[in-house]
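Protein chains in written order, with the numbering used here: chain X, 4 to 346; chain V, 16 to 258.
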Amino acid sequence: MNSENTAQTEGPPAYPRAASLELRNVRKQYPGASRPAIEDLTLTVPAGEVCVLVGPSGCGKTTAMRLVNRMIDLTSGEILLDGASVMERKPPELRREIGYVIQQIGLFPHLTIADNVATVPRLLGWEKDRVTARVQELLALVQLPPELADRYPAQLSGGQRQRVGVARALAADPPLLLMDEPFGAIDPIARARLQDELLQLQQRVKKTIVFVTHDIDEAIKLGDRIAILREGGVLAQYAPPDELLAAPADDFVAQFVGVDRGLKRLALSRLVDVELLPLNGDHAAGSVDVQTSLRDAASLMLADGNRPLTVVDSDGKPLGQVTLELISAALDRHPPTPDPSAT
Amino acid sequence: MTGALPLAAAQPVIPDFGRGSTCVRENGAFCWDWVSDHWGDTLRPALVQHLQLTAIAIVLGFAIAFVLALAAHRRGRLTTPVVLVTGLLYTIPSLALFQLLVPFTGLSRTTAEVALVSYTLLILFRNTLAGLAGVPEEVRDAARGMGLTQRQLLWSVELPLALPAIVAGLRIATVTVISLATVAVFVVNEGLGAPIYAGLQQTFKTELIAAGALCVALALIADGLLVLLQRVLTPWTRVARSR
Numbered sequence: 004m005n006s007e008n009t010a011q012t013e014g015p016p017a018y019p020r021a022a023s024l025e026l027r028n029v030r031k032q033y034p035g036a037s038r039p040a041i042e043d044l045t046l047t048v049p050a051g052e053v054c055v056l057v058g059p060s061g062c063g064k065t066t067a068m069r070l071v072n073r074m075i076d077l078t079s080g081e082i083l084l085d086g087a088s089v090m091e092r093k094p095p096e097l098r099r100e101i102g103y104v105i106q107q108i109g110l111f112p113h114l115t116i117a118d119n120v121a122t123v124p125r126l127l128g129w130e131k132d133r134v135t136a137r138v139q140e141l142l143a144l145v146q147l148p149p150e151l152a153d154r155y156p157a158q159l160s161g162g163q164r165q166r167v168g169v170a171r172a173l174a175a176d177p178p179l180l181l182m183d184e185p186f187g188a189i190d191p192i193a194r195a196r197l198q199d200e201l202l203q204l205q206q207r208v209k210k211t212i213v214f215v216t217h218d219i220d221e222a223i224k225l226g227d228r229i230a231i232l233r234e235g236g237v238l239a240q241y242a243p244p245d246e247l248l249a250a251p252a253d254d255f256v257a258q259f260v261g262v263d264r265g266l267k268r269l270a271l272s273r274l275v276d277v278e279l280l281p282l283n284g285d286h287a288a289g290s291v292d293v294q295t296s297l298r299d300a301a302s303l304m305l306a307d308g309n310r311p312l313t314v315v316d317s318d319g320k321p322l323g324q325v326t327l328e329l330i331s332a333a334l335d336r337h338p339p340t341p342d343p344s345a346t
Numbered sequence: 016m017t018g019a020l021p022l023a024a025a026q027p028v029i030p031d032f033g034r035g036s037t038c039v040r041e042n043g044a045f046c047w048d049w050v051s052d053h054w055g056d057t058l059r060p061a062l063v064q065h066l067q068l069t070a071i072a073i074v075l076g077f078a079i080a081f082v083l084a085l086a087a088h089r090r091g092r093l094t095t096p097v098v099l100v101t102g103l104l105y106t107i108p109s110l111a112l113f114q115l116l117v118p119f120t121g122l123s124r125t126t127a128e129v130a131l132v133s134y135t136l137l138i139l140f141r142n143t144l145a146g147l148a149g150v151p152e153e154v155r156d157a158a159r160g161m162g163l164t165q166r167q168l169l170w171s172v173e174l175p176l177a178l179p180a181i182v183a184g185l186r187i188a189t190v191t192v193i194s195l196a197t198v199a200v201f202v203v204n205e206g207l208g209a210p211i212y213a214g215l216q217q218t219f220k221t222e223l224i225a226a227g228a229l230c231v232a233l234a235l236i237a238d239g240l241l242v243l244l245q246r247v248l249t250p251w252t253r254v255a256r257s258r
């Protein structure tokens with residue numbers, strides 16, 4: 004197994020292992036197709052960041068993702084993983100270094116959860132004890148009870164199976180994770196929880212993640228950077244969520260992010276991120292926790308006749324006041340704190 | 016026609032009635048004492064030969080059908096010709112097939128085996144191929160995406176998941192061959208077909224009934240064993256779904 008760019012050694016896995024990913028003038032044309040699925044895509048994902056590929060169906064986002072681990076081979080261009088071309092690697096070896104999660108999960112029905120999670124470590128020839136320890140560690144990491152280890156996939160709920168899918172993808176501590184609409188088939192409540200869990204997980208493992216979705220809200224919630232693709236794999240805009248919402252590059256992007264993009268942007272910041280007005284002694288107005296998002300604070304004030312709110316900390320101690328004008332001004336000048344767990 | 020056909024089976028010209036108990040002398044419908052008297056010299060050897068005929072046919076038939084199914088699984092255009100040829104073999108009446116083979120392989124066990132094997136091919140090929148084709152596409156995609164090679168995908172994912180279909184094919188093929196192997200008596204005086212044929216030639220029917228019953232019992236037991244084998248090999252198919 005080739006491992007020149009892996010810092011992995013024996014013992015406890017080193018989590019902060021991430022690779023940069025670079026797509027250079029990537030083109031993919033399927034034989035017999037009149038137009039290329041991807042015309043000319045150039046994109047750089049810095050190590051440890053979540054890049055969300057989003058766009059309407061047929062925009063080539065899944066194709067772009069599958070080019071990275073050579074599930075599909077590109078027509079021309081280059082894909083570099085930590086500076087090394089993926090085209091020079093044998094596909095099976097390359098794929099063992101890249102976590103892979105798909106919407107249908109694709110757990111092996113004939114293997115127990117533990118054996119499913121152990122797939123890649125065993126392909127890499129890890130020793131038995133190390134595999135066992137790693138499986139337990141991963142089930143804990145994705146918050147699955149250890150007694151599920153001996154069950155079969157058919158015995159788990161959809162959400163549990165998707166967690167197993169993520170654990171299996173992380174098993175050999177890959178520096179890059181590819182996720183193709185992983186939460187697409189899951190009910191909205193469980194989906195929101197899985198998204199939160201993924202963000203918490205990412206805080207700990209700091210992987211480079213390429214995440215494909217057609218849901219702009221999911222993209223805004225999860226992405227450090229969002230790549231909006233239009234048909235033919237043309238990159239319409241590639242920017243952090245706040246920039247995307249504040250300054251859509253064109254009508255296509257503006258339409259795709261939605262007319263409520265102002266509100267979506269407010270949802271990215273919390274009261275703790277803005278400079279509050281001093282308290283003026285008037286405590287008649289309602290109060291709001293400092294961790295509340297600007298969107299929810301604005302909503303509260305709109306519902307309450309545009310009266311200022313007193314901002315309090317978790318102990319209920321007043322910190323200052325907030326007004327709709329203040330929030331509106333914050334949109335102009337305040338870059339949100341990069342805290343992906345704030346929604 | 017060779018004309019030699021019934022000779023092989025008709026050797027015991029004078030039926031052997033054993034010591035001749037009351038039941039046998041009065042030509043009873045079924046005489047247990049005949050069965051116990053002739054277990055060692057007639058029925059047991061025939062049963063053992065029958066088992067051998069069946070086992071060889073199934074092992075060879077499965078080996079051929081398995082290789083063909085793996086090839087067709089990889090190259091889909093092989094499927095139609097294989098189904099055509101094995102289907103043709105399957106439709107040839109067994110007596111006719113024995114006759115056709117005798118000029119080449121004589122009145123031998125080989126003739127019987129060639130015919131029996133040819134009857135297993137269609138079932139075993141189709142079931143193995145269907146089992147492989149039934150592996151969910153997302154499972155295959157995930158397996159490739161995690162870095163399994165084609166060979167690893169086949170042996171550690173596709174074939175295990177195809178096991179229920181493969182065993183289902185083996186069950187049908189085994190029961191078919193056990194029944195069909197009695198007809199092999201027309202080319203080789205072996206197996207339970209021999210006492211059945213002998214029984215048909217005489218008014219005393221115990222030999223016919225006993226050999227026929229052994230044949231049915233053998234088929235049921237073989238089928239039961241294959242069911243057990245599948246249960247042991249595919250524990251995941253029996254888990255309670257929790258959704």
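We put the CB at the ideal spot given by N, CA and C, even for glycine.
Every value quoted in this text rests on a predicted model; they were computed, and no experiment measured them.
Beta-carbon proximity of residue i to residue j, cut-off 8 Å
{"i": "V/H65", "j": "V/G206", "result": "yes"}
{"i": "V/A237", "j": "V/I181", "result": "no"}
{"i": "X/I108", "j": "X/R154", "result": "no"}
{"i": "X/V55", "j": "X/A230", "result": "yes"}
{"i": "V/L14", "j": "V/L68", "result": "Any property of residue 14 of chain V remains undetermined from this structure, which presents chain V solely from 16 to 258."}
{"i": "V/A199", "j": "V/A127", "result": "yes"}
{"i": "X/A300", "j": "X/V275", "result": "no"}
{"i": "X/V291", "j": "X/V48", "result": "no"}
{"i": "X/R228", "j": "X/L248", "result": "no"}
{"i": "X/V89", "j": "X/Q205", "result": "no"}
{"i": "X/G265", "j": "X/L334", "result": "yes"}
{"i": "X/G80", "j": "X/N28", "result": "yes"}
{"i": "X/K210", "j": "X/G51", "result": "yes"}
{"i": "X/E200", "j": "X/Q146", "result": "yes"}
Chain-ordered neighbours of residue i on chain V, where CB pairs are closer than 9 Å
{"i": "X/A294", "result": "Per the sequence presented here, residue 294 of chain X reads as Gln, with Ala not at that position. The premise fails here: X/Q294 is roughly 36 Å from chain V at the closest Cβ pair, so nothing lies under 9 Å."}
{"i": "X/I2", "result": "Nothing in the structure corresponds to residue 2 of chain X, since chain X is present only between 4 and 346."}
Top-ranked residue by Cα proximity to residue i, from the options
{"i": "V/Q250", "options": "V/L176, V/R40, V/A157", "result": "The question names Gln, yet the displayed sequence has Pro at residue 250 of chain V. The shortest C-alpha separation from V/P250 is found at V/L176."}
{"i": "V/G184", "options": "V/V172, V/F219, V/V247, V/T135", "result": "V/T135"}
{"i": "V/G71", "options": "V/V150, V/L178, V/R124", "result": "One point to set straight first is that residue 71 of chain V is Ile, not Gly, in the sequence displayed. Comparing Cα-Cα distances from V/I71 to each of V/V150, V/L178, V/R124, the minimum goes to V/R124."}
{"i": "V/I73", "options": "V/G43, V/I187, V/G102", "result": "V/I187"}
{"i": "X/D263", "options": "X/I219, X/V293, X/A239, X/R233", "result": "X/I219"}
{"i": "V/V9", "options": "V/N142, V/P151, V/G121", "result": "Since the first residue shown for chain V is 16 and the last is 258, residue 9 of chain V is missing from the structure and cannot be characterised."}
{"i": "X/L126", "options": "V/R155, V/T164, V/A127, V/A130", "result": "V/T164"}
{"i": "X/G58", "options": "X/F259, X/L322, X/V291, X/A136", "result": "X/F259"}
{"i": "X/L70", "options": "X/E25, X/E328, X/V315", "result": "X/E25"}
{"i": "X/L197", "options": "X/G86, X/P39, X/Q106", "result": "X/Q106"}
{"i": "X/T216", "options": "X/A193, X/G187, X/L204", "result": "X/G187"}
{"i": "X/L1", "options": "X/A50, X/L204, X/L329, X/V123", "result": "Lying outside 4 to 346, the shown extent of chain X, residue 1 of chain X is not represented and no answer is given."}
{"i": "V/A158", "options": "X/P95, X/L266, X/D318, X/L334", "result": "X/P95"}
{"i": "X/V277", "options": "X/R298, X/K131, X/Q32", "result": "X/R298"}
Residue i classed as buried or exposed, judged by whether at least 16 other C-beta atoms fall within 10 angstroms
{"i": "X/P244", "result": "buried"}
{"i": "X/G35", "result": "exposed"}
{"i": "X/A143", "result": "exposed"}
{"i": "X/S331", "result": "exposed"}
{"i": "V/N42", "result": "exposed"}
{"i": "X/G63", "result": "buried"}
{"i": "X/K320", "result": "exposed"}
{"i": "X/L305", "result": "exposed"}
{"i": "V/G239", "result": "exposed"}
{"i": "X/S272", "result": "buried"}
{"i": "X/A22", "result": "buried"}
{"i": "X/T295", "result": "buried"}
{"i": "V/V242", "result": "exposed"}
Residues near residue i in its chain [Cβ-Cβ closer than 6 Å; skip 5 each side]
{"i": "V/L231", "result": "Here residue 231 of chain V turns out to be Val, not Leu, going by the sequence shown. Closer than 6 Å at Cβ, skipping near neighbours: no residue."}
{"i": "V/I138", "result": "G184, I187, A188"}
{"i": "V/L147", "result": "H88, E173, A177"}
Nonlocal neighbours in the same chain, by C-beta distance under 8 Å from residue i, ignoring five residues either side
{"i": "X/G289", "result": "L303, D307, R310, L312, T313"}
{"i": "X/T12", "result": "Its pLDDT being 43, under 50, X/T12 is placed unreliably by the model, and the measurement read from it follows with that caveat. Result list for X/T12: empty, nothing under 8 Å."}
{"i": "X/E42", "result": "R30, G235, G236, V237"}
{"i": "X/D253", "result": "A239, Q240"}
{"i": "V/G149", "result": "L176, A177, A180"}
{"i": "X/M4", "result": "Any reading at X/M4 needs caution, since the residue's pLDDT is 40, under 50, leaving its predicted position unreliable; the model's value is listed next. Same-chain partners within the cutoff: E96, R99, L127, G128."}
Residue i: contacting residues in chain V (beta-carbon distance under 7 Å)
{"i": "X/F111", "result": "V154, V172"}
Interface residues of chain V facing residue i [CB-CB closer than 8 Å]
{"i": "X/E96", "result": "G162"}
Contacts that residue i makes with chain X (C-beta to C-beta distance below 8 Å)
{"i": "V/V254", "result": "R154, Y155, A157, Q158"}
Residues that residue i contacts on chain X, provided the C-beta gap is smaller than 9 Å
{"i": "V/L176", "result": "F111, P112, H113"}
Neighbourhood of residue i by C-beta, 7 Å cutoff - its chain only, sequence neighbours within 5 removed
{"i": "V/L144", "result": "A84, A87, H88, T94"}
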